[in-house]
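Here is the structure we will look at, set down as structure tokens.
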Amino acid sequence: MAYKHLFVDSDVLLDLALLREPFYPYIQLLLHEGEKQNVKLSTSGLIIANMNYILSKQLGAVRAREALKALRALVNVLSLDGEIIDLALTKAISPILKTRSNTILPEETIAMPSSPEI
Numbered sequence: 272m273a274y275k276h277l278f279v280d281s282d283v284l285l286d287l288a289l290l291r292e293p294f295y296p297y298i299q300l301l302l303h304e305g306e307k308q309n310v311k312l313s314t315s316g317l318i319i320a321n322m323n324y325i326l327s328k329q330l331g332a333v334r335a336r337e338a339l340k341a342l343r344a345l346v347n348v349l350s351l352d353g354e355i356i357d358l359a360l361t362k363a364i365s366p367i368l369k370t371r372s373n374t375i376l377p378e379e380t381i382a383m384p385s386s387p388e389i
């Protein structure tokens, strides 16, 4: 894989948790790469909270919690608190932050597309 650190959004994680076709097999491959430590997979706490809400509605609270526990073992949850936001807002765009496709992301992180290109 070309990238070492991927940010995985809620669409991708929901495709995994809900076994949604045709994307599920591609996400399995991505997770396999993460398990082999060929790539580091990360998401945000807000995405986990939103997934809990959506999965609880679709699967029930107990199954949603089980799915999120399993997911948590595979995906790093990035912290984003007031201190980090303040730091980002007071610094000019630097090697720490870099613009890619009109989005500010850590230099080694890219946004994972929600659907594979076939």
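Mapping of the sequence shown onto the working numbering: position 6 corresponds to residue 277, and the numbering continues sequentially without gaps.
Note that the Cβ used here is the ideal one computed from N, Cα and C, for glycine as well.
None of the values given here were measured: they were computed from a predicted structure.
Classify residue i as helix, strand or coil using the three-state DSSP reduction.
i, result
"residue 328", "helix"
"residue 351", "coil"
"residue 311", "strand"
"residue 365", "In this prediction, residue 365 scores a pLDDT of 48, lower than 50, which makes its location untrustworthy; the coordinate-derived value is nonetheless stated afterwards. Three-state DSSP puts residue 365 in coil, outside helix and strand."
"residue 360", "helix"
"residue 345", "coil"
"residue 277", "strand"
On a CA-only basis, which of the options is nearest residue i? Give me that one, please.
i, options, result
"residue 311", "340, 329, 348, 332", "348"
"residue 320", "277, 285, 360, 275", "285"
"residue 403", "351, 282, 306, 297", "Summary: the structure shown does not reach residue 403, with the chain confined to residues 272 through 389, and so no result is reported for it."
"residue 299", "358, 346, 273, 275", "346"
Return yes when the Cβ of residue j is within less than 9 Å of the Cβ of residue i, no when it is not.
i, j, result
"residue 288", "residue 332", "no"
"residue 277", "residue 301", "yes"
"residue 323", "residue 334", "no"
"residue 279", "residue 294", "no"
Does the Cβ of residue i have 16 or more other Cβ atoms within 10 Å, making it buried, or fewer, making it exposed?
i, result
"residue 290", "exposed"
"residue 329", "exposed"
"residue 356", "exposed"
"residue 314", "buried"
"residue 326", "buried"
"residue 360", "exposed"
"residue 342", "buried"
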